[in-house]
Amino acid sequence: MTLRKRREMNLPDSVEKVLLGEDKIATRVAELAAQISADYADADDLILVGVLKGSFIFLADLARRLRVRHYVDFIALSSYNRGTVNGAVRLIMDTRMSVTGRHVLVVEDILDTGYTLHYLLRAFHARKPASLRSCVLLSKPERREIEVPVDYLGFEIPDVWVVGYGLDYADRFRTLPYIGALKRETYE
Amino acid sequence: MGLRDDIAKILVPEAELQRRVAELGQQINGTYSDDDRPLLVCVLKGAYVMLADLTRHLEIRHAVEFMEISSYGAGTVSSGVVRILLDLAQSIEGRHVLIVEDIIDSGRTLDYITRNLRTRGPASLRVCTLLSKPDRREIDVPLDMVGFEVPDEFVVGYGLDFAEEYRNLPFIGVLKDEVVQRRLGE
């Protein structure tokens, strides 16, 4: 039995089932990377901006598959009091590199209400990049409250709490190599 | 791919890297228990690729945090004292902390980070680095887990950059001297 199979059969107690296995994720990430490599073949100055913490695994795998020169940078965000102000986020760490005149690709782990990505795209747009696109591993369309453009999407998933591959529940399960659905009684 | 043309030689091939990172993961599994719930502190940007692969092999409970630092001095020579651009989002008092680094060169930056974190009262503080360049060491820093010792050459890939490029190469390579000279002249 492969390591991947063994890991996916030996789930933590709080995880209901594997929603997306390691092989399925790897295949899709490679497809996204091929598409991005083709689209940016002639673009100088591509910069991937990973949103911490959730996107670091996705970004590490995606970037290694890219066949175009690019830079990698990170930003860290924090939401204000959850549930009070819709979508207001606080920028904790900005990019180190300037994005002005560069082709910016924002890399996110998951698109939920859409407020965070909406905020980010507006913030980067104001800095006059050469182009601005988004690459999101997972999207929960049922949860969307604000329309936001996604240029590269890994998977659409139902409205369940997902963990692994960068996504956490109370800082747990973030580094599971697959994406699992949490048992409802864990978060309800 | 253009990037690969800039590489003089491959120092650590992809398969060997993956095998060694898996071993480091097992070493971490053997060092800590679930109850320890160690906090892996990844020093950005270089260590993020290593962290992504390393954590796939962890079977013990753990959490991940990030730090981003910047040296005050210009150029590639580390002055040791660094500016913390992104600090940990949580307290480490009483926690078991494992710093995850891509490379230890002079040791000055790591020495500063460990001294800084130690003032916060962690239960334990260890260091896991993918690469170490012993020839470059200027200050003695204890390393608990080391992936590979490498000679004093311009290494890139697997998170390590030169002028922000080459981080995404899936192996550790040595840059061609002419590339280094050309980029330094730009």
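If you read the protein sequences in the order shown, they are chains E and Z.
First residue of the first sequence: -16, per my numbering; consecutive thereafter.
First residue of the second sequence: 2, per my numbering; consecutive thereafter.
Beta carbons are placed, not taken as given, at the ideal position from N, Cα and C, and that holds for glycine.
Residue 148 of chain E sits away from residue 57 of chain E, with the two beta carbons spaced by 8 Å or more.
The stretch 29 to 43 of chain Z makes no contact with the stretch 8 to 21 of chain Z: fewer than 3 CB pairs, one atom from each, lie closer than 8 Å. Counting of Cβ neighbours within 10 angstroms places residue 59 of chain E among the buried residues, the total reaching 16 or more. In the DSSP assignment, residue -1 of chain E falls within the unbroken beta strand (DSSP E) covering -2 to 3. The three-state secondary structure of residue 63 of chain Z, taken from DSSP, is coil.
Against chain E, a Cβ distance below 7 Å from residue 3 of chain Z picks out 52. 8 Å or more divides the Cβ of residue 140 of chain Z from the Cβ of residue 160 of chain Z. Partner residues in a beta bridge of residue 93 of chain Z, as assigned by DSSP, do not exist. At a beta-carbon threshold of 7 Å, none of the residues of chain Z lie near residue 27 of chain E; the nearest stands roughly 11 Å away.
Looking from the CA of residue 1 of chain E, the closest CA among E/-12, E/26, E/102 belongs to E/-12.
A Cβ of chain Z is located within less than 8 Å of the beta carbon of residue 44 of chain E. Burial of residue 162 of chain E is indicated by the presence of at least 16 other C-beta atoms within 10 angstroms of its C-beta. For residue 24 of chain Z, no chain E residue has a Cβ inside 8 Å of its Cβ, as the nearest lies near 13 Å away. Neighbours of residue 3 of chain E in chain Z, taken as residues whose beta carbon is under 7 Å from its own, are absent, since the nearest beta carbon is some 15 Å off. Residues of the stretch 61 to 72 of chain Z with a C-beta less than 9 Å from any C-beta of chain E: 62, 63, 64, 65, 66, 67, 69, 71, listed in chain order. Beta-bridge annotation (DSSP): residue 56 of chain E is paired with E/32. Considering only Z/167, Z/185, Z/182, the residue with the shortest C-alpha distance to residue 3 of chain Z is Z/167.
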